[in-house]
Amino acid sequence: MALVEIRALHKRFGAVGVLHGIDLDVSAGQVVCMLGSSGSGKTTLLRCINHLETIDSGSIHVGGELVGYRMGRDGHLIAQTDRATSAQRARIGMVFQRFNLFGHLDAISNVCEAPVHVRKVPIAQARAQAAELLEAVGLAGKEHHYPHQLSGGQQQRVAIARALAMEPRLMLFDEPTSALDPELVGEVLETMRALASKGMTMIIVTHEMNFAREVADRVIMMDGGKVVEDAPPAQFFSAPSHARTQAFLARMR
Amino acid sequence: MNFDLNVVLTTLFSTVFLMPALTTIGVTFAAMVIAIAVGFLGALAAGSRFPALRMVVQFYLMVFRGVPILVQIVFWYNALPILTNNAINLPPLAAGIIALSLAEGAYMTEIFRSGFASVDHGQREAARALGMTGALAMRRIVLPQALKVIVPPMGNQFIAMLKTSSLLFVIAVPEIFAIGTDITSHNFKYFEVLLVVSIWYLLLSALLSLGIRLIEKRITRGQSAVPLCVVPVKAG
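Heads up: the protein sequence lines correspond to chains A and B, in order. For the first sequence, the numbering used here assigns the number 253 to the last residue and increments by one with no breaks. For the second sequence, the numbering used here assigns the number 1236 to the last residue and increments by one with no breaks.
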């Protein structure tokens, strides 16, 4: 069984349909990059995976568990408790476009906050682990800096360390470099590349073509709320089968 | 000019206003504590996904901010027993505290609501993504940051409450102003006694401002005064 299994997923915002029947499997250890133009539904799909968005029909399983719902006897979705969904989210890391570091906490406290208060790790142990994680993302010495004292690239690396501190089995990245100055993009991608090489399962919404080409196991093209292309990067970039993918790649060049 | 310094000094340095001052302080703190609780719950309800709950809050705000506080005080003390055939007949102190705290709770609701609104939605989302329940995200992430915006106006309201509590003289709560008017009705030294009453209020509000300033300093310590990372967002 794949780590992530998405079946016939439909999602609408009011009258506007956003996802029209997504089927997608991601195996443990895979790195999947999702491409697509604005409004194609890629960010929404990512946010459904940890139930930051509700879904209308279909199913999302992570590690064999239905996320955010339990299945009724006749197969329709029943919302589960906040506590149960929170426990599922605790094992799914997420990195946001705008970092969303906690503004009232310094870097190391940002990283320890959830381990201490959600996983109940003893504070000393959580802080030691957080210091290691910050070092691993190249931020040794920045432990006591507040978010507003860090550059965008540094903030995003703290955000990655913060997600990793929960020891997730899956990491979701929502355009992690889109809000960064161009010269800061590289350091964040480097951190993600290192994470991929350690075997982390990653689903990444991105516009970084070179990163997708070099790091991804699979590249997915979304268009109009559907997955229109799903191929290894070599094939995706050199011989895309779908016309939308060809047009998208032509525009990106 | 007719001014009797002797009356001022003997009134000021007697113990006649000690108990009334304690009453004023007690009423102020009790009303504010209840109002803060009401305001917190009110703001949560105002942001609820249940429309009925939001409408209840709107109605509460409309009534309790729209009706003069003096009318509300008399309602709780004099009108409620008549309305309920004496089933509910509150003593002055209880009626006064209820009236003040419910009226104040409406203002505190708005203060909490703007405080919560000042915290970027991404903060809550990041907390949720890390596996925090809604309550934990509120307690650990949203509330501490919202307090920066909530505490300064809350301090103002606190001082305003100290002064508003003098209205309770109409239902004979023995607070500073009520005792002052009692004394003037015997000696007719309005100016002298009001001067002493004013000195007591000034003293208490000065102490209160001092305390509030210390709390404000604690809460904003080590934090940026400017909003966090304002960057353009691209839709996915």
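Here a beta-carbon is modelled for each residue, glycine too, at the ideal position from N, C-alpha and C. Quick caveat: nothing in here was measured; it's all calculated off a predicted structure.
| Item | Value |
| --- | --- |
| Assign histidine 104 of chain A to buried or exposed, taking buried as 16 or more other Cβ atoms, counted over all protein chains shown, within 10 Å of its Cβ. | buried |
| According to the neighbour-count rule (16 or more other Cβ atoms, all chains shown, within 10 Å of its Cβ), is valine 4 of chain A buried or exposed? | buried |
| So, with DSSP's three-state summary, where would you put methionine 171 of chain A? | strand |
| Quick check on DSSP: helix, strand or coil for alanine 341 of chain A? | Nothing can be reported for residue 341 of chain A, as the shown portion of chain A is limited to 1 through 253. |
| With DSSP as the reference, identify every bridge partner of tyrosine 69 of chain A, one or two as the case may be. | A:Ala79 |
| Output, in chain order, the set of chain A residues within a Cβ distance shorter than 7 Å of glycine 1122 of chain B. | Phe96, Arg98 and Asn100 |
| Residues in the same chain with beta-carbon distance under 8 Å from phenylalanine 1095 of chain B, minus the five sequence neighbours each way, listed in chain order, please. | One detail in the question is off: residue 1095 of chain B reads as alanine in this sequence, not phenylalanine. Once the five neighbours on either side are set aside, the close Cβ partners of alanine 1095 of chain B are Ile1073, Trp1076, Tyr1077, Leu1080 and Ile1171. |
| Under 7 Å Cβ-Cβ, which residues of chain B neighbour serine 59 of chain A? | Ordered by position in chain B, no residue passes the 7 Å Cβ test against serine 59 of chain A, which lies about 20 Å from the chain. |
| I'd like to know whether the C-beta of arginine 89 of chain A is nearer than 7 Å to at least one C-beta of chain B. | yes |
| If you count every other CB in all the chains shown that lies within 10 Å of the CB of isoleucine 1082 of chain B, and 16 or more means buried, which is it? | exposed |
| Rounded to whole angstroms, what's the CA-CA distance from glycine 29 of chain A to histidine 148 of chain A? Just pull it up for me. | 34 Å |
| Between the Cα of aspartate 74 of chain A and the Cα atoms of A:Gly63, A:Ser57, A:Thr81 and A:Gly68, which residue gives the shortest distance? | A:Ser57 |
| Provide the residue span of the beta strand (DSSP E) that contains alanine 231 of chain A, from first to last. | 226 to 231 |
| Taking Cβ-Cβ distances shorter than 9 Å, what residues in chain A pair up with proline 1153 of chain B? | Correct list: empty, because the minimum Cβ distance to chain A is about 19 Å. |
| In chain order, what residues of the same chain lie with their CB nearer than 8 Å to the CB of isoleucine 108 of chain A, ignoring the 5 residues before and after it? | Arg127, Ala130, Ala131, Leu134, Glu143 and His144 |
| Hey, how far is the Cα of histidine 20 of chain A from the Cα of valine 95 of chain A? | 25 Å |
| Considering only C-alpha positions, which residue in the set A:Ile55, A:Ala87 and A:Leu45 is nearest to glutamate 65 of chain A? | A:Ala87 |
| Give me the chain B residues within the contact set of methionine 166 of chain A, using Cβ-Cβ distance strictly less than 8 Å, ordered along the chain. | Leu1130 and Gly1131 |
| Rounded C-beta distance between proline 168 of chain A and arginine 70 of chain A? I'm assuming under 8 Å. | Wrong, their Cβ atoms sit about 22 Å apart, outside the cutoff. |
| Check the Cβ-Cβ distances between valine 118 of chain A and every residue of chain B, and say whether any is below 7 Å. | yes |
| Check whether the Cβ of alanine 114 of chain A lies closer than 7 Å to any Cβ atom in chain B. | yes |
| Counting along the chain, where does the alpha helix (DSSP H) carrying glycine 21 of chain A start and finish? | No alpha helix (DSSP H) holds glycine 21 of chain A; the beta strand (DSSP E) holding it covers 16 to 26. |
| Can you confirm whether glycine 224 of chain A, when its beta carbon is compared against all beta carbons of chain B, has any partner nearer than 7 Å? | no |
| Between the beta-carbon of threonine 43 of chain A and the beta-carbon of aspartate 174 of chain A, is there less than 7 Å? | yes |
| Just to confirm the assignment, what range does the alpha helix (DSSP H) spanning arginine 218 of chain A have? | Here arginine 218 of chain A belongs to no alpha helix (DSSP H); instead the beta strand (DSSP E) covers 218 to 223. |
| Check glycine 138 of chain A in the structure and name its three-state DSSP category. | coil |
| Measuring CB atoms only, is the segment 1152 to 1169 of chain B touching the segment 1120 to 1127 of chain B, in the sense that at least three cross pairs come out at less than 8 Å? | no |
| Spatial neighbours of proline 233 of chain A within its chain, please: C-beta separation below 7 Å, excluding the five flanking residues on both sides. | Ala212, Arg213, Ala216 and Val219 |
| Could you name the residues of the same chain whose beta carbon sits closer than 7 Å to that of leucine 101 of chain A, not counting the 5 residues immediately before and after it, in chain order? | Asn110, Pro147, Gln155, Val158 and Ala159 |
| Does isoleucine 1219 of chain B have its Cβ less than 7 Å from a Cβ in chain A? | no |
| Going straight from the alpha carbon of proline 1091 of chain B to that of serine 1101 of chain B, what length do you get? | 16 Å |
| Mind checking who tyrosine 203 of chain A pairs with in its DSSP beta bridge? | A small correction: the amino acid at residue 203 of chain A is isoleucine; tyrosine does not occupy that position in the sequence shown. Paired residues: A:Val32 and A:Leu172. |
| Let's test the definition: count the other Cβ atoms within 10 Å of the Cβ of lysine 1148 of chain B and tell me whether it reaches 16, buried, or not, exposed. | buried |
| Identify the contact partners of arginine 244 of chain A in chain E, using a Cβ-Cβ distance below 9 Å as the criterion. | In summary, chain E is missing from the structure at hand, where the protein chains are A and B. |
| Is aspartate 223 of chain A near glycine 1134 of chain B, with beta carbons less than 7 Å apart? | no |
| For a test of the three-state rule: what should DSSP assign to serine 37 of chain A, helix, strand or coil? | coil |
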